[in-house]
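Have a look at the structure below before the remarks.
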Amino acid sequence: MTLPRSLRPPVSPSLGDRRILFLMALAGIVAGYGGAVITNTLPYSRAGLDVTEGQMSLILAIARIVSLGAVVFSISGDRRGRRSPFLIAFAMLPLANIATAFAPNAAFFAAFQSVARFGLIAAGVLGLVLLAEELTPGVRGYGLGIQALATASGVGLSLILVPFASTGDNWRVVFALTGVGLLALPTLMRFLKESRAFDPQGMRISFGDAMGRGMGRVFWPLAAVSFFVHAFSAVTLDFALERLISDLEWEAGAAIYLLAVTSGVGTAGTVIGGRLADVSGRRSTAVTAMILGLVGGLGFYWFSSGWPIALAVFIGTFGSTMLAPVLAAWRAEVFPTPVRATAAHWVTNVSILG
5 MTLPRSLRPP
15 VSPSLGDRRI
25 LFLMALAGIV
35 AGYGGAVITN
45 TLPYSRAGLD
55 VTEGQMSLIL
65 AIARIVSLGA
75 VVFSISGDRR
85 GRRSPFLIAF
95 AMLPLANIAT
105 AFAPNAAFFA
115 AFQSVARFGL
125 IAAGVLGLVL
135 LAEELTPGVR
145 GYGLGIQALA
155 TASGVGLSLI
165 LVPFASTGDN
175 WRVVFALTGV
185 GLLALPTLMR
195 FLKESRAFDP
205 QGMRISFGDA
215 MGRGMGRVFW
225 PLAAVSFFVH
235 AFSAVTLDFA
245 LERLISDLEW
255 EAGAAIYLLA
265 VTSGVGTAGT
275 VIGGRLADVS
285 GRRSTAVTAM
295 ILGLVGGLGF
305 YWFSSGWPIA
315 LAVFIGTFGS
325 TMLAPVLAAW
335 RAEVFPTPVR
345 ATAAHWVTNV
355 SILG
């Protein structure tokens, strides 16, 4: 069976491309599942911990603020190599989610999820930098799109388990299942090599010095785009299921089905967006993706009936997933190697503040 042209790589990937993509896709599935569990089980963990929607919003905010400190892993990645801090950060997420499964109250829940978010962000930034540096330029956007699709599949897996999480304390089991991701760690440790772009004997420069030497001209526009995109999409992503169940009084099964089908189909935007970025350029693809994401996000909160909401979720998901590989490729291409991970992480931190 031959893939449609829009889903095929622009050029044939090398063996090295396939190897690094497999490893990062494996890590992406684990990260997608582990990072999405908190949002996809939100109504049930909130009820189980007996906290209000406002208190849960505060917990999510605390976790995001703590995750800003994960930039130290990227600084280490620029100074000592990407591989080791990536592996440590990757392991933090499943371990913290296992601990979350046994959280006795909201305070422990917030603490463990802060650690999980810390590991998620650190591994996400370093993983994308490592992947982008290893991929052949002709398939860089496409490969980053495949990795984003793998991450989205992990998110979808956590969504499938929501009906199970809705009963009693089963949401804790869903958190604990992230621990299965630790089985991927031996494979990553054995086959993941250090990035070829990293030179342990190469020039060293601080992030501040790089900004003073002209990097700010590309950093601030990219950071601004990331900030506004995340500011608009974060509420929709975090509370989509909550709105359907609590505000619109949908049955859990119907809400999950709608989000799973429409957002699942919409994640094709990762591959299409990555391919378009390689073929047509990063800028035009990014503009198209942002317009689609804006239309879909507004539609989700404007409409209150089934089909319009479904269409809005699809359009919004398609646009946001189109943008993911474009931004990842940009972060790898516009920043110099000695500060690439640090600069990419600060862009991510700016988006988190959104």
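Take 5 as the starting number for the sequence shown in our numbering and just add one per residue.
Every residue, glycine too, gets a C-beta built ideally from N, C-alpha and C.
No experiment lies behind these values; they were computed from the predicted model shown.
If one requires a minimum length of 4 residues, the alpha helix (DSSP H) runs lying completely within the stretch 243-313 are 256-270, 273-284, 286-306, in chain order. DSSP places I79 inside the alpha helix (DSSP H), whose first and last residues are 75-84. Scanning its chain for C-beta atoms nearer than 8 Å, with the 5 sequence neighbours on each side dropped, one finds around L226 the residues L331, W334, R335, V338, V351, in chain order. Assigned with DSSP and collapsed to three states, I209 falls in coil, not helix or strand. When DSSP states are grouped into helix, strand and coil, T140 belongs to the coil group. For M28, the uninterrupted alpha helix (DSSP H) segment begins and ends at 19-44. Between A40 and G158, the C-beta spacing is below 9 Å.
Collapsing the DSSP output to three states places T56 in coil. Rounded to whole angstroms, the separation of the alpha carbons of S118 and E255 is 30 Å. Counting C-beta pairs with one atom in each stretch, the stretch 318-326 and the stretch 299-306 have three or more that are closer than 8 Å, which means they touch.
Residue range 189-195 is occupied by the alpha helix (DSSP H) that includes M193. Straight through space, the alpha carbons of D173 and A180 are spaced by roughly 12 Å. Annotation for V351: the continuous alpha helix (DSSP H) segment containing it runs 344-357. One alpha carbon belongs to F77, the other to L296, and they sit about 33 Å apart. Rounded to the nearest whole angstrom, the C-alpha separation of M96 and E57 is 27 Å. Put simply, of S230, T104, M215 the residue whose alpha carbon is nearest the alpha carbon of T182 is T104. Annotation: S230 to R221 spans about 15 Å, alpha carbon to alpha carbon. By the C-beta criterion, the stretch 125-145 is judged to be in contact with the stretch 17-37, since at least 3 inter-stretch pairs fall below 8 Å. Residues of the same chain with their beta carbon placed closer than 6 Å to that of A258 are lacking, with the five preceding and five following residues left out of the count.
The closest CA to that of N44, considering only L135, V166, M215, is found on V166.
Look at L124 here: in three-state DSSP terms it is helix. Shown here for A169: same chain residues with a beta carbon closer than 6 Å to its own, the five before and five after excluded, namely T45, Y48, W175, V178 in chain order. Following the DSSP letters along the chain, one finds L97 inside the alpha helix (DSSP H) bounded by residues 87-104. By the neighbour-count definition (other C-beta atoms within 10 Å, threshold 16), P141 is an exposed residue.
When the five nearest sequence neighbours on each side are left out, the beta carbons in the same chain lying within less than 8 Å of the beta carbon of A348 are those of S78, V129, L132, V133, R335, A336, F339, in order along the chain. With fewer than 16 other Cβ atoms inside 10 Å of its own Cβ, I69 counts as exposed.
Rounded to the nearest angstrom, the gap between the Cα atoms of A136 and R286 is 14 Å.
In this chain, the alpha helix (DSSP H) harbouring P167 covers 166-169. Looking at L327, G273, T274, D203, the one whose alpha-carbon comes closest to that of M294 is L327. Here R200 is exposed, its C-beta having fewer than 16 other C-beta atoms within 10 Å.
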